[in-house]
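Just so you know, our numbering puts 528 at position 46 of the sequence shown, and the rest follows in order with no gaps.
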Amino acid sequence: MSIPQKIEEIKKSIPESVSLVAVSKTKPNEAIMEAYDGGYRIFGENKPQELTRKFNELPKDIIWHMIGHLQTNKVKYIAPFVSLIHAVDSLKLLKEINKQALKNDRVIDCLFQFHIADEQTKFGLDLNDAELIINSEEYQNMQNIRIVGVMGMATYTDDENQVRSEFSNLKSIYSKLKSKFFSEEESFKEISMGMSGDYKLAIEEGSTMIRVGSTIFGARDYSNK
Ligand SMILES: *Cc1c(COP(=O)(O)O)cnc(C)c1O
């Protein structure tokens, strides 16, 4: 199956209300252009340098999502063009995004990343951390960022019940934040969860945005990196 056919296949199997981010990290421009020529526009990358290079080399109507952990000193590279930053996990990072967005005369949409997995290595906030950020004076004065929802990654395991309960936990975090802080904001509506191995479960648990890489582009090859 070609890349556009794989995207079509996935889109047919998910509700229309769920958006699909095609995760193109490590993949060459040619692979992205195959999807692009098939009419597809939303791509996700997890490294600022690679994202910036691809932005420079590829058509300018591509909608780029930064899905990976973002270091504060890298924000400036992507601030001019990034559409959505999925993994905001500190006030410090959010301050820098706000600052760089202001420099570029933009408002940048962001998601709070929550730590829902049973693994030490995955980044993210807990509900209390997020509330502290939202209640801070600094956050309340930020004019150039907009929080549009939450993001999380489940544990990498075959245990469906565990994955399901982690996704369900993220959904409940979303609902709490929505009712407590964002009930008036229609734009706070995204729950970014689900990847190649678990997006069906994620959608059943309330995902509005899935991030799918290997099912579309094939397995990634890190051997020569
Ligand atoms: C790589 C990556 C994905 C996509 O993973 P696949 O298993 O290839 O679908 C999704 N989300 C994040 C944050 C990633 O880094």
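Heads up, the beta-carbon is just placed ideally off N, CA and C, and yes, glycines get one too.
Bear in mind that the values here come from a model prediction, so they are computed numbers and not experimental data.
What do you reckon, are the CB atoms on L683 and V630 nearer than 9 Å?
-> Walking along the sequence shown from the start, residue 683 turns up at place 201. Walking along the sequence shown from the start, residue 630 turns up at place 148. No; because the gap between Cβ atoms is not below 9 Å, this pair is not in contact.
In the DSSP assignment, find the beta strand (DSSP E) that holds Q582 and state where it starts and stops.
-> Counting from one through the sequence shown, the residue named residue 582 turns up at place 100. Careful: Q582 lies outside any beta strand (DSSP E), inside the alpha helix (DSSP H) at L573 to K585.
Assuming I489 contacts A504 (C-beta within less than 8 Å), just tell me the rounded distance between them.
-> Numbered from 1 along the sequence shown, position 7 holds the residue referred to as residue 489. Numbered from 1 along the sequence shown, position 22 holds the residue referred to as residue 504. About 6 Å separates the two Cβ atoms, so the contact holds.
In the DSSP assignment, what residue or residues form a beta bridge with M633?
-> As a working note, residue 633 is residue 151 in the sequence shown. Answer by DSSP bridge pairing, in chain order: Q595 and S674.
With distances taken Cα to Cα, identify the nearest neighbour of K536 among T508, D680 and T637.
-> Against the sequence shown, residue 536 aligns to sequence position 54. Taking only the C-alpha atoms, the option nearest K536 is T508.
Return the CA-CA distance between G526 and H597, expressed in angstroms with no decimal places.
-> By 1-based counting over the sequence shown, the position of residue 526 is 44. By 1-based counting over the sequence shown, the position of residue 597 is 115. If you take the alpha carbons of G526 and H597, they lie about 20 Å apart.
Three-way DSSP call (helix, strand, coil) for K707 in this model = Position 225 of the sequence shown holds residue 707. Model confidence at K707 stands at a pLDDT of 49, short of 50, so the residue's coordinates are unreliable; what they give is reported in the following sentence. Correct three-state label for K707: coil.
If we count Cβ pairs, one from each stretch, closer than 8 Å, do we get three or more for the segment 693-701 versus the segment 654-672?
-> no
What do you reckon, are the CB atoms on N626 and A569 nearer than 9 Å?
-> Taking the first residue of the sequence shown as position 1, residue 626 is located at position 144. Taking the first residue of the sequence shown as position 1, residue 569 is located at position 87. Contact: no.
Quick one: residues in its chain with C-beta nearer than 7 Å to the C-beta of K707, no 5 flanking neighbours on either side, listed in chain order?
-> Counted from its first residue, the sequence shown places residue 707 at position 225. For K707, the predicted structure reports a pLDDT of 49, less than 50, and the residue's modelled location is therefore unreliable. The matter cannot be settled from this model.
Closest Cα partner of R588 within the set K574, G606 and V564 = On the sequence shown, position 106 is the one that residue 588 refers to. Out of K574, G606 and V564, V564 has the C-alpha closest to the C-alpha of R588.
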